[in-house]
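In mature numbering (1 follows the signal peptide of the UniProt record, and there is no 0), the protein residues as written are -22 to -1, 1 to 301.
Input: a single structure, listed below in C-alpha cells.
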C-alpha cells in the first residue's frame, strides 16, 4: 500500500511538473490564408506573446478556416469552443447594426477617416461583445474597396443594370441604390462567376482582386475607395479571466502592437496590390468628380438608413465621428 501511495505521489508530481512546463496553450481560429496581411500579422502577434512569456503562453494559429468556418467563429468564441478568433466585422451585421457600420460605403474613404470611424464605434462594439461574453483585442483594416468592371466607369450611369457581386446585406442594398442586380458570390467563386456571366462587376479590395486574378475577366479598376472594412480579433472573457496577470498583460500588450502594425501593413498592402493590378494589364484609374459626387450622395442615404436602424447608438457614433 505504501509503495502504491508513493507511486501515486510521484505520478501526481510528474503531471504537475509537465503542466508547469507546458504552460497555457490557446487555439486561435482565423478564416484567412497565410498570404493575407491579416494572418501574417496574427502569426507575429502569437510569436510576440510566446516570446514575452518565455513560452509559458502559447497561441496556436489555425489559418484558412482550417479549425472553424468563418461564419461560426463568433459563436465558437462566445461559447468557449475556442478562446480566441478573428472575423470580418461585417459578417456579424445581422446580429446588430453596429457591425454593419464597418461596411457602410462612402462614409470613411481613406485610412485616416477609417481610424476615426473605428475609434468612434469602438465603445459600442465593445459593449455588444461584452454582452455576449467576449472582449475586443484589436482590429485591422483591409485595403479600400474599388470597382472592378469590364468597361470604364465614368459615371453612375455606367453601373446601372450591372450584375454586381454582393457578400453582405449592406452591399446588396448598395447594388439596389445603384440600379444594379446584387448576386451573392463568395471569394473563391469569383473567377467562375465572371466567366459564366453570373456577375459582370464587383466592389472589393486590391487584395482580393490580385488573389482572384481579376485581370483574367475584367480590365478596369476604378479606385473609388468606397469603404475600408476591418477584421477584429476577440477573446472569450472567461478564458481571459482565467489567465494569470503576466499572461493577461502579455496578451493585451501584444494586441496593441498588432493593431498598430496591422494598420501600417494594410496601407502597404494597398499600394503593393494596386500596383500589381496595373502590372498585370488592368487599367487603374481614379474616379471622376461626377462619379465621386454621385457615390457620396448614395452614401449619405445609406448612412441615414443605418442611423435609423441603429437608434441611439448609431446617432452617438455618427456624432462622435470626425472625418
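Even glycine gets a Cβ: it sits at the ideal position worked out from N, Cα and C.
In this text the structure is predicted, and so the values were computed from the model without any measurement.
If you look at residue 16, you'll find it in the alpha helix (DSSP H) that goes 15 to 30. A contact is defined here as three or more CB-CB pairs under 8 Å, and the segment 235 to 247 meets this definition with respect to the segment 102 to 118. For residue 286, the CB contacts under 8 Å within the same chain, skipping 5 residues up- and downstream, are 292 in chain order. Between the alpha carbons of residue 32 and residue 74 lies a distance of about 39 Å. Inclusion of residue 158 and residue 144 in the CB contact set at 7 Å is not warranted, their separation being larger than that value.
Segment contact: the segment 96 to 106 against the segment 198 to 205, fewer than three CB-CB distances shorter than 8 Å; contact not assigned.
Membership of residue 252 in the alpha helix (DSSP H) is indicated by the continuous run 223 to 257. Classified as buried, residue 123 has 16 or more neighbouring CB atoms from the shown chains inside 10 Å of its CB.
By the neighbour-count criterion, in which 16 or more other beta carbons inside 10 Å mark a residue as buried, residue 26 falls on the buried side.
The C-alpha of residue 294 is placed about 12 Å away from the C-alpha of residue 300.
When DSSP assignments are scanned along the segment 41 to 82, the uninterrupted stretches of beta strand (DSSP E) that are 3 or more residues long and fall wholly within it turn out to be 62 to 66. The straight-line gap separating the alpha-carbon atoms of residue 17 and residue 215 is approximately 23 Å. Taking the CA atoms as reference points, residue 253 sits about 43 Å from residue 224. Here DSSP, grouped into helix, strand and coil, assigns residue 35 to strand. Secondary structure at residue 10: coil, using DSSP grouped into helix, strand and coil. Leaving aside the five residues that flank residue 10 on each side, the residues in its chain whose CB is nearer than 6 Å to its CB run, in chain order, 16, 17. Short of 6 Å from the beta carbon of residue 106, and not among the five residues preceding or following it, lie these beta carbons of its own chain, in chain order: 74, 76.
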